[in-house]
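Top line first, the protein sequences correspond to chains L and V. Residue numbering for the first sequence follows the numbering used here, starting at 1 and increasing by one per position. Residue numbering for the second sequence follows the numbering used here, starting at 1 and increasing by one per position. What follows is a single structure, written as C-alpha cells, with notes after it.
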Amino acid sequence: MFRAPITDSLELRLFEEHHAPTLVALIRANYEHLAPWMSWASPEYGEADALGFIRQSRDQWVRGNGFTAGIWHHEQLVGSFGTHDISHATRSTSLGYWVASSAQGQGLITACGEVVLAWCFEELGLHRVWLDAAEGNIRSRKVAERLGMVQEGVLRDALLVQGRWLSMVRYSVLEEEWRERRSRPV
Amino acid sequence: MLRLQVRPESWLRPLVARDASLLFEHVEANREHLREWLEEIDALADEAATRYWLEQAVLRAREGRSLLLGYFKRGMLIGTVGLHHIDRADASTEVGYWLAEEHQGQGLMTAAVSAVVMYVFEEWRLNRVEIVCPEENTRSRAIPERLGFVLEGQRRQAMMLRSWPYDLCDYGLLASDWVRMNEQRAAHRRSS
C-alpha cells in the first residue's frame, strides 16, 4: 500500500475503498468527540459517505494536489491527516486532521505534522503552510503551536457547525521559519 | 509523501504534471534504449510534450482508467510502472513498465512489478493482472515469467513497431495463483 512511515508504530496510509467500513465504524464511535468541530461528523455517517471521501482523497492524490491519508497506530485506523489544495501560484497549502478520542494525548498528530511539513517544504518546495483551528479546540491549537506555527489572527464566526458559530484561529509557518526551527538542536 | 515501497531504497509514487522536467530528463538519458520497444516514447519529444503526456495520464488516473507510477531509487527516477485498462467490473488490469538501461539486471523491475501486483490484489481486491510483451522482448518477458504469470496465448502480428509486425505474448496472473504461490513460498521457508 501507499504509506508514509512516521514512527515504528505510526504511519499514514492512503485510503483505499476497502477501508470504508473501518472508517465508518471509527467516525460513528467518535461522533460525540468530532461533532463539535467537524461539520461532516454525523451519527448517520455511512458507507456511501466514506466511499465518497475515499474517492475524493484518491483524486486529490493522483493529480498531485496534496494528499489525505488515514492515521494508523499499531495497525489500527485512528484518524485522518492531510493537506488541502496546493496553490502553486503562492506555493502554499493548509493542513487538516482529526484523531479518535482514544488516540489523543500521545502526540500522534504532531508527529505526523512534522513529517508532512518536511514534505511540503523540501519535496514540494512550498513557501507557506497554514491551518485553521477552532478557537475553543485547545488540542488542535496546541498541535499548530507544537509545529512551530505562528498565530496570525482569528476569523470570527467562520464556520457553522451543529448550529453553532465557530471562530477559527489561523496559524502558519513560513519556509524560512521552518528551516530555522529545524536547524536548532532539540 | 505516500509511497509504495519496493525495497529499502526504492519506491513508487504517481507521476504528476510537475514531474515533467524530471521525466523528460530520464527519457532523454534513455531515449535510444526505450525506443527499441516503445515507440510511444517519441511523443515525449521535449519538456512541454512530456508535461502534456503526463497531464493526459493524470486525467486517465482521475477517471480510474489507469495509474502511472514513477519508480525511484534513492530519489532518482529510474523507470515507470503503469496500471492500464483498470476494470473494476471484471476486477482486472494490465501492468506495463520500463527501466533505465543502467539499472537493468538487478531484479529491480521484477521487485517493482511484484509490489504493484500485491497492491492491486490486496488493496484494490482485483482478480486478474495481465502483462503483454512483444514475443522477441526477452528481458520484458522474463518479469512475468519470474513472477509466476501464465503464458495464456500469443497474438500474431498484433503490434507494429517502426512499420514492422511483432507477435504479442499475453501473460495472466490470478489472485488465486498469487495466494497459492505465497503459500508455497511460506511452506518452502518453513521446511528450509
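Virtual Cβ for every residue (Gly too), placed ideally from N, Cα, C.
Sub-8 Å separation of residue i and residue j beta-carbons
| i | j | result |
| --- | --- | --- |
| L67/V | L77/V | no |
| S92/V | E130/V | yes |
| A69/L | L12/L | yes |
| R125/V | H18/L | yes |
| V154/L | E177/L | no |
| S140/L | R156/L | no |
| L173/V | G148/V | yes |
| S94/L | T83/L | yes |
| V27/V | T50/V | yes |
| L108/L | V78/L | yes |
| W11/V | L4/V | yes |
| N137/L | W37/L | yes |
| V99/L | I71/L | yes |
| T110/L | V143/L | yes |
| I143/V | V113/V | yes |
| E94/V | H85/V | yes |
| T80/V | W98/V | yes |
| L161/V | E135/V | no |
| A48/L | M1/V | no |
| E75/L | E123/V | no |
| R13/V | L69/V | yes |
Beta-carbon neighbours of residue i, restricted to chain V and to distances below 7 Å
| i | result |
| --- | --- |
| L14/L | L2 |
Under 8 Å from the C-beta of residue i: neighbouring residues of chain V
| i | result |
| --- | --- |
| F53/L | Simply none; closest approach about 16 Å. |
| V116/L | M1 |
| W119/L | M1 |
Contact set between residue i and chain L, taken where Cβ atoms lie within less than 7 Å
| i | result |
| --- | --- |
| A111/V | Neighbours of A111/V on chain L: none; closest Cβ ~16 Å, over 7 Å. |
| A193/V | Examination of residue 193/V is not possible in this model, given that chain V is present from 1 through 192 alone. |
| R62/V | D59, V62 and R63 |
| Y119/V | M1 |
| P8/V | Those within 7 Å of P8/V in chain L number zero; the least Cβ separation is about 12 Å. |
Neighbour list for residue i in chain L, Cβ cutoff strictly below 9 Å
| i | result |
| --- | --- |
| R18/V | G64, H88 and L124 |
| L67/V | V62 |
| V58/V | V62, R63 and G64 |
Own chain, CB closer than 6 Å to residue i, minus 5 neighbours either side, in chain order
| i | result |
| --- | --- |
| V173/L | V129, G148 and M149 |
| F2/L | L14 |
| A61/V | L67 |
| Q157/V | P165 |
Amino acids of chain L, ordered along the chain, whose beta-carbon sits closer than 8 Å to that of residue i
| i | result |
| --- | --- |
| E123/V | M1, E16 and H18 |
| V116/V | The premise fails here: V116/V is roughly 11 Å from chain L at the closest Cβ pair, so nothing lies under 8 Å. |
| P14/V | W61, V62 and G64 |
First and last residue of the uninterrupted beta strand (DSSP E) at residue i
| i | result |
| --- | --- |
| M168/L | R164 to L174 |
| V129/L | R128 to A134 |
| R141/L | Where R141/L is concerned, there is no enclosing beta strand (DSSP E), although the alpha helix (DSSP H) it sits in stretches over I138 to R146. |
| R7/V | R3 to R7 |
| R3/L | F2 to T7 |
| D19/V | Unbroken run through D19/V: none, as it is neither H nor E. |
| Q151/L | V150 to V161 |
| E63/V | Segment: none, E63/V is in no beta strand (DSSP E) and carries neither H nor E. |
| E11/L | L10 to L14 |
Under 9 Å from the C-beta of residue i: neighbouring residues of chain V
| i | result |
| --- | --- |
| A4/L | M1, L2 and R3 |
| F81/L | Within chain V, no residue comes near F81/L; the closest Cβ sits about 10 Å away, beyond 9 Å. |
| A69/L | M1 and L2 |
Nonlocal neighbours in the same chain, by C-beta distance under 8 Å from residue i, ignoring five residues either side
| i | result |
| --- | --- |
| E9/V | K73 and R74 |
| R31/V | I41 |
| A206/V | Examination of residue 206/V is not possible in this model, given that chain V is present from 1 through 192 alone. |
| G66/L | Q60, G82, T83, H84, D85, I86 and T93 |
| C112/L | I6, L10, L12, I71, F81 and Y97 |
Same chain, Cβ closer than 7 Å to residue i, five either side skipped, listed in chain order
| i | result |
| --- | --- |
| A50/L | A20, L23 and V24 |
| N137/V | W37 |
| H73/L | S9, L10, A103 and L108 |
| G45/L | Looking at the sequence shown, residue 45/L is not Gly but Tyr. Here the set comprises V24, I27 and R28. |
N- and C-terminal bounds of the alpha helix (DSSP H) containing residue i
| i | result |
| --- | --- |
| P14/V | Premise fails: P14/V lies in the beta strand (DSSP E), S10 to P14, not in any alpha helix (DSSP H). |
| P21/L | A20 to A29 |
| A198/V | No answer is possible for residue 198/V: it lies beyond the span of chain V, which begins at 1 and ends at 192. |
| E47/L | E47 to V62 |
Proximity test, residue i beta-carbon vs the ligand NAD heavy atom, cut-off 7 Å
| i | result |
| --- | --- |
| H88/L | This structure lacks the ligand NAD, and indeed carries no ligand of any kind. |
Test: residue i CB closer than 8 Å to a CB of chain C
| i | result |
| --- | --- |
| L95/L | In the displayed structure, chain C is absent; the protein chains listed are L and V. |
Quiz item: Where in the segment 72–136 of chain L do unbroken runs of the alpha helix (DSSP H), each at least 4 residues long, occur, reported from the N-terminal end onward?
Solution: Counting only runs of 4 or more residues that sit fully inside the segment 72–136 of chain L, the alpha helix (DSSP H) segments are 108–118, in chain order.
Quiz item: Quick one: complete alpha helix (DSSP H) runs, 4+ long, within the segment 116–185 of chain V?
Solution: 138–146
Exercise. Would you list, in sequence order, the uninterrupted beta strand (DSSP E) runs of no fewer than 3 residues that lie entirely inside the segment 65–96 of chain V?
Key: Within the segment 65–96 of chain V, the complete beta strand (DSSP E) segments of 3 residues or longer fall at 67–73 and 76–87, listed in chain order.
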